[in-house]
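*Asks:* This structure is in structure tokens; I'll ask about it shortly.
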Amino acid sequence: MSIATQLILNGIIAGAIYALVASGFSLIYSVTKFMHFAHGAVLALGAYLMYTFAVGIGLNFWLAILLTLICSSFAGVLMDWLVYRPLRKRKASGAVLLIASIALMILVNSLILAFWGADVKTVPVRNPVFDVLGARVTLIQVIIIIVSVVLLLALWFLMKRTKLGKAMRAVADNKDVAMTVGINPERIYTYTFAIGSFLAGVAGILIGIEQNLYPIMGLSLIIKGFTGAVIGSLASVPGSVLGSLILGLVENIGIWWLPSGYKDAIAFVLLFIFLLFRPSGLLGVKVREA
Amino acid sequence: MNRTLIGILSLLLVLLVACAPAQEQKAEPEAKPVEKGEVVFGWLGPLTGGAATIGVPVKDAVELAVGEINANNVIPGKNLKMIYEDDSCDPKKSTTSTQKFVDVDKVTAIVGGLCSGTVLADAPIVEDKKVLMMSFSATNPKIKDAGDYIFRNVPSDNGQGTAAASLMQKLGYKKVGIIHIQNDYAVGLTDVFKGEAKKLGLEVVATETYNPDSTDFKTQIAKIKAKRPDALYMVSHPADAAIVLKQISELGFKVPIVGADASKDDAVISGAGKAAEGLIVTLPGVPKSPELEKFASAYKAKTGKEFSAYTPEAYDVVYILAKACGATDCTSTAMKDYLYGMGPYTGASGTYEFDKDGEVDKPYDYFVVKDGKWEQYVAS
């Protein structure tokens, strides 16, 4: 019995980690309609900033978190201002923006490598272990699960209930119509990147503590987060969180029977199945191309 | 009128700037003494990814050797130039770098690769182009047959797998589990280990693997834990070894662990913390010698750190290749023939000689993590 609970719990923890990555990624996608893969790099940057503030400079833990979140938000906004906005002004296609985002990711990864070096870094925190129905889970893992649920609710509230969320949805639906009612899309994009990158900062702090820090940590995470988002629905934050949880569970329960080397294969088979048969994802609405 | 004046002035300025360095360049060759020839080697290893914590110090040791060789004129009349390429221990990247080495840089020899997978992938390229390649750390048994131009100054994992299995038998374990990274190095080593374990009457009850760059091993660990082994054999790169150890402890799996050479890294201790305590690893032996002490103090003077796994071997490789270059006409083929008949070489990593397959024979050392530090371990 304890093995079954441990497996499900492992799946939920993995899913929650993917959800932390996927939520910000799909928030940005839903509004700007392009894939911001550098989101993974912002996440890694967040983890390293947290390390620098908390371990390097030795600031108070909560102050370090606050500073990290502010800096992550700003890093995302800066990426939008310096790279994506000039490209949008030139009416660059989605493919160009996608390639720009991959280039940005490589750039930031290399900068992290140059500044912090290649060795593995850790943010030491007290991390007690609990027994839950015969399975074991650490405090950080519990926090990761709780935060991913809270984020899901908060983002749902933001998109459906606030003025900013409504404006974001309006820009997402039709930029030109949104402009005619007085919404400035560029400003909405800035807010979107700020909130999305804030989420990357949250993910970076938690995942950095859980799994240690290394420069390319964002790459494998963004691939899994993207897979989770496609399964749920790229353009819907609740969908991407749901998809991430499904991905984590399927991967971890799948390798109980299959050899564990197939873990990534399971994820990508799932990705292809969804891309082929349900590209809009579980919660997505079918969109007919005009 | 004014604009013409500014135009003429700026033209003059441009001419002045353009001419100044040209004059300097002309003067330079006269000032220089006799022009030295140049021999180019390539270095291949991971500066990024899970094995970067091994690759970066190794690069320092190689830089140290190159500096000494040039300062002491080890290759008479020639200056040694080393070109460094990062392969992340990824065979896809390393073949690209090796192609560049042989086609663009036209290197005489390659120092590396660090990982078995990259050496095996690069071997057909260097064999085809007849370029010498010498690894200081790739231990997969298959490298023995990789080609005439492929050498290494570390022993094959046939020895390491045997050393680990007999240690575990000596410690009284009956049932062992295995967790390893999915690459040529780990697959080759665990195959040897399994064969030897069978001979010694050890039962392998579980073998779990994970892909490079993975960070979540909890389900693999839970699967092994369910089989209740007496001990665990772990073949991992430093970055993942740290997380494997951390998650083993988080899952409350109390099991003695024996690891392989790639886990003998400070990053494992700093990354895993208390969870690394008691980890025993096998490492190709580097016996105490005046040569080793000389290397250790020079390495410390350069980097401010104690030397780490495979830095003495890499330092030796540069010296051996420089020696071969100096003793021959410094072509890959002549150097290769020289190495096969070189006889015993004494360097920082011990005294050894290359056999007909370009392999060396060395003993193994054991290390254990005690109070957050690596200590020599004596199997009683």
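First to last, the sequence lines map onto chains V and W.
According to this note's numbering, the first sequence is numbered sequentially starting from 331.
According to this note's numbering, the second sequence is numbered sequentially starting from 30.
Backbone N, C-alpha and C define an ideal beta-carbon position, used for all residues, glycine too.
1. Report yes if the CB atom of Trp-411/V is closer than 9 Å to the CB atom of Thr-248/W, and no otherwise.
2. Taking DSSP as the reference, what is the three-state secondary structure of Tyr-393/W?
3. Between Ala-343/W and Phe-130/W, what straight-line distance do the alpha-carbon atoms span, to the nearest angstrom?
4. Taking 9 Å as the threshold (C-beta atoms), are Ala-301/W and Ala-271/W in contact?
5. Run through the DSSP bridge pairs and tell me what Met-263/W is partnered with.
6. Go ahead and pull the three-state DSSP assignment for Lys-235/W.
7. Comparing alpha-carbon positions, which option in Ala-595/V, Lys-496/V, Ile-358/V and Leu-482/V lies nearest Val-511/V?
8. List the DSSP bridge partners of Pro-313/W.
9. Since I believe Thr-522/V is in contact with Val-361/V (beta carbons under 8 Å), could you give me their beta-carbon distance rounded to a whole number of angstroms?
10. For Met-163/W, which residues of its own chain have a beta-carbon under 6 Å away from its beta-carbon, when the five flanking residues on both sides are left out?
11. With a threshold of 8 Å on Cβ separation, who are the neighbours of Ser-332/V within its own chain once the five nearest residues in sequence on each side are excluded?
12. Can you give me the Cβ contacts of Leu-274/W inside the same chain, cut-off strictly under 6 Å, excluding the 5 residues immediately before and after it?
13. Residues in its own chain within less than 8 Å of Leu-196/W by CB, not counting five upstream and five downstream?
14. Which first and last residues belong to the beta strand (DSSP E) in which Ala-138/W is found?
15. Is Arg-181/W helix, strand or coil by DSSP?
16. So, do the stretch 419–439 of chain V and the stretch 365–372 of chain V have three or more beta carbon pairs nearer to each other than 8 Å?
17. Going by beta-carbon coordinates alone, are Val-297/W and Pro-267/W separated by less than 9 Å?
18. Return no unless some Cβ of chain V is closer than 9 Å to the Cβ of Gly-142/W.
19. Shortest alpha-carbon distance to Phe-165/W belongs to which of Ala-260/W, Thr-360/W, Ala-377/W and Gly-96/W?
20. Give a yes or no on whether 9 Å exceeds the smallest Cβ distance from Trp-446/V to chain W.
21. Give me the chain V residues within the contact set of Leu-280/W, using Cβ-Cβ distance strictly less than 8 Å, ordered along the chain.
22. The ligand FMN heavy atoms versus the CB of Ala-344/V: any closer than 8 Å?
23. By the three-class DSSP mapping on this structure, what secondary structure does Met-162/W have?
24. Report all residues from its chain with a CB closer than 7 Å to the CB of Lys-122/W; omit the five preceding and five following residues, and keep chain order.
25. Please report the residue range of the beta strand (DSSP E) in which Val-69/W lies.
26. Cα-Cα, which of Pro-105/W, Thr-125/W, Asn-101/W and Asp-89/W is closest to Met-111/W?
27. Tell me where the beta strand (DSSP E) around Val-459/V begins and ends.
28. With 16 other CB atoms within 10 Å as the buried threshold, where does Trp-392/V fall?
29. Could you compute how far the alpha carbon of Val-87/W sits from the alpha carbon of Lys-419/V?
30. Considering only the alpha carbon of each residue, which of Ala-226/W, Tyr-178/W and Ala-353/W lies closest to Lys-385/W?
31. Residues of chain V with a CB under 8 Å from the CB of Ile-272/W: which are they?
32. Does any residue of chain W bring its CB to less than 9 Å from the CB of Leu-452/V?
33. I believe Gly-614/V touches Gly-569/V by the beta-carbon criterion, under 8 Å. Please report the beta-carbon distance rounded to the nearest angstrom.
34. Does any C-beta atom of chain B lie closer than 9 Å to the C-beta of Thr-168/W?
*Replies:* The relevant details are as follows:
1. no
2. strand
3. When the Cα atoms are used, Ala-343/W and Phe-130/W turn out to be separated by approximately 18 Å.
4. The answer is yes: Cβ separation under 9 Å.
5. Ile-208/W and Gly-288/W
6. It should be noted that the sequence gives Ala, not Lys, for residue 235/W. Here Ala-235/W sits in strand by DSSP.
7. Of the candidates Ala-595/V, Lys-496/V, Ile-358/V and Leu-482/V, the residue whose Cα lies closest to the Cα of Val-511/V is Lys-496/V.
8. Tyr-393/W
9. 4 Å
10. Phe-180 and Val-346
11. Leu-463, Gly-464 and Ala-465
12. Ala-301, Ala-304 and Ala-305
13. Val-287, Ile-309, Thr-311, Tyr-395 and Ala-408
14. 138–140 is the extent of the beta strand (DSSP E) around Ala-138/W.
15. strand
16. yes
17. yes
18. no
19. Ala-377/W
20. no
21. Gln-336 and Arg-466
22. For the ligand FMN, the structure offers nothing, since it holds no ligand at all.
23. strand
24. If we look at Lys-122/W and ignore the five residues flanking it on each side, its Cβ neighbours are Asp-116.
25. 66–74
26. Asp-89/W
27. Where Val-459/V is concerned, the enclosing beta strand (DSSP E) stretches over 459–462.
28. exposed
29. 47 Å
30. Comparing alpha-carbon positions, the option among Ala-226/W, Tyr-178/W and Ala-353/W lying closest to Lys-385/W turns out to be Tyr-178/W.
31. Gln-541 and Asn-542
32. Note on residue identity: the sequence assigns Thr, not Leu, to residue 452/V. For Thr-452/V, at least one C-beta of chain W is nearer than 9 Å to its own C-beta.
33. 6 Å
34. Among the chains of the structure shown, chain B does not appear; the protein chains present are V and W.
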